[in-house]
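> First the structure, which I've put down as structure tokens, then a few questions once you've had a look.
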Amino acid sequence: MKILIAVDGSIYTDHALEFLASREGFLAGSPEIEMLSVVPQIPAGALRFIERETLEGYYKDCSEKIFKPIRKFLKGKDLPVEEVYVVGDPSEGIADEVDRTKPDLVVMGSRGRSSLKGLFLGSVTRGVLARTKVPMLIVRSDLIPKKDGMRVGIAVDGSPHSKAVVRYILNNLDFFGKDSKFYLIHVTSDISLTLLAGVSTGAPQPLKGTDLEAIKEETYREATEDIVPMLDKAGIEYEKVCVEGTPGDVLAKVAKKKKLNLMVMGTHGYGRFKSAVLGSTAMRLLAKGEVPVMLIRK
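Its first residue numbered 708, the sequence shown is counted upward by one per residue in the numbering used here.
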């Protein structure tokens, strides 16, 4: 597995590095990990007054200011990385390096949550999402796994993205750790349940009791019918989680209740507009929760 981790010297970079360092079993396999820093380019108008050698030295010094404290941070941690720096716009620089090296996973730390800030993520994270479709792990807090085996939520909705999520997990099981516990999660919308109750009368009424549970069970079965055989064939045990509500909000609550170390979910492919806002479920989860989120995109 090849990983690219983008670093900028912030506390969020530290969180992302800590997360990777926690993957002891995965690291034992000597994965290829590139640590990338993007140095802002000097304005074009000033370049003509600076000799090339001086300019290259300046950029190298800038990257060293990022890498040096990270080396100290990583001392004693079994996390071998290759240091690489490029010059330019951070989002474009990371995306170009992704195109060049073709990693299996991009790891980024992103600023903490709030109802507004969390909704829009950091500008660099948004920019990379808009320019790539490689799986991305976004680490937003210091909720780092304490052991190799993680508690992993798999959010599914019955779409092709869900199959891509499970396929990615099965192809990279060592990253998730030995003896990890998986939770197969499907969120049923409150609105769909309400409307289903009124199909015959034309006047939607809330469902109650066994009718509600039966519909929840059926929607869960439909959402997971292509996923369950994949997990069963691989011998992966999981806990069934069927909940209702606004998906992003509910997933954040499930992550907290189940003490998840990671939520893995699919979202739509890239595009300058679509990926800038992401899918609504992914965005709400990132806005409301602190759990690291791995996005698998088609």
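Virtual Cβ for every residue (Gly too), placed ideally from N, Cα, C.
Is the Cβ-Cβ distance between residue 816 and residue 835 less than 7 Å?
Not in contact: residue 816 and residue 835 (Cβ atoms no closer than 7 Å).
> Could you tell me if residue 924 is buried or exposed, where buried requires 16 or more neighbouring beta carbons within 10 angstroms of its beta carbon?
Exposed.
> Can you grab the Cα-Cα spacing for the pair residue 731 / residue 783, in whole Å?
Cα-Cα distance, rounded: 13 Å.
> Is the beta carbon of residue 926 closer than 7 Å to that of residue 895?
Taking 7 Å as the Cβ cut-off, residue 895 and residue 926 qualify as a contacting pair.
> Give the DSSP-derived three-state secondary structure of residue 746 in the structure shown.
Correct three-state label for residue 746: strand.
> What ranges does the beta strand (DSSP E) occupy inside the stretch 939-972, keeping only unbroken runs of at least 3 residues that lie completely in it?
Qualifying beta strand (DSSP E) stretches, in chain order: 945-951.
> Report buried or exposed for residue 1046, applying the criterion of at least 16 other Cβ atoms within 10 angstroms of its Cβ.
Outside the modelled stretch of the chain, which goes from 708 to 1005, sits residue 1046, for which no answer is possible.
> In whole angstroms, what separates the C-alpha of residue 771 from that of residue 879?
Distance between the alpha carbons of residue 771 and residue 879 is about 32 Å.
> Please state if the CB of residue 972 and the CB of residue 862 are separated by a distance shorter than 7 Å.
It is a contact, given that the beta carbons lie within the stated cut-off.
> For residue 733, report the span of its alpha helix (DSSP H) as first-last.
Looking at the DSSP string, the run of the alpha helix (DSSP H) that includes residue 733 is 731-734.
> Determine the contact status of residue 745 and residue 810, defining contact as a CB-CB distance below 7 Å.
Against a cut-off of 7 Å, the Cβ pair of residue 810 and residue 745 comes out as no contact.
> Exposed or buried, what is residue 761 when buried is set at 16 or more other beta-carbons lying within 10 Å of its beta-carbon?
That one is exposed.
> Going by beta carbon distance, what residues of the same chain come within less than 8 Å of residue 808, once the five residues before and after it are set aside?
Closer than 8 Å at Cβ, skipping near neighbours: 709, 711 and 741.
> In the DSSP assignment, find the alpha helix (DSSP H) that holds residue 808 and state where it starts and stops.
Per DSSP, residue 808 belongs to the alpha helix (DSSP H) from 797-808.
> Just reading off the beta strand (DSSP E) that residue 712 is part of, what are its end residues?
Looking at the DSSP string, the run of the beta strand (DSSP E) that includes residue 712 is 709-713.
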